[in-house]
Every structure is written in C-alpha cells, then in structure tokens.
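To start, the structure under review is shown below, and the notes come after it.
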Amino acid sequence: MGGASMQIAFEIPENVNPPIEFVSQINLGCDDEIRDHVYRIYVTTFLRYGSKEARER
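Numbered by the numbering used here, the letters in the sequence shown go through residues 3 to 59 in order.
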C-alpha cells in the first residue's frame, strides 16, 4: 500500500446486486452452518487515486 491506489469496501444491502466480480462474501461467525454473521462486501480498487497520486496531480 504505497499510496498510488485507493481501496474501498462496504456491505451491500440485500436488495442490491452489483456485478459478481466486485462481491466478496465473508462469514464472521464460528460455524459455517450458522449464517447470522455472513456479509456480502463490495470491494474494488481505483488505480492512481490514492493519497500519493492525489498529491502529485
């Protein structure tokens, strides 16, 4: 993480279906059978929009 890119991640509401290549599903629970702590997260990277690149522009 040298500051040249910006990463963003946030939970996706149940009624939203973004392209699957931007979705990661994580389970923060202790058991794969219990789905109470499963979250769908939108994750992407914006190249050349990090803090270092922003200062150089």
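Each residue gets a CB set at the ideal place from its N, CA and C atoms; glycine is no exception.
When C-alpha distances from Tyr41 are compared across Asn29, Leu49 and Glu23, the shortest belongs to Asn29. Considering only Tyr44, Thr46, Gln27 and Val45, the residue with the shortest C-alpha distance to Arg37 is Gln27. Under the three-state reduction of DSSP, Glu16 is assigned to coil, being neither helix nor strand.
Under the DSSP assignment, Arg42 falls in the beta strand (DSSP E) whose first and last residues are Val40 to Leu49. In the displayed model, Ile28 falls within a strand according to three-state DSSP.
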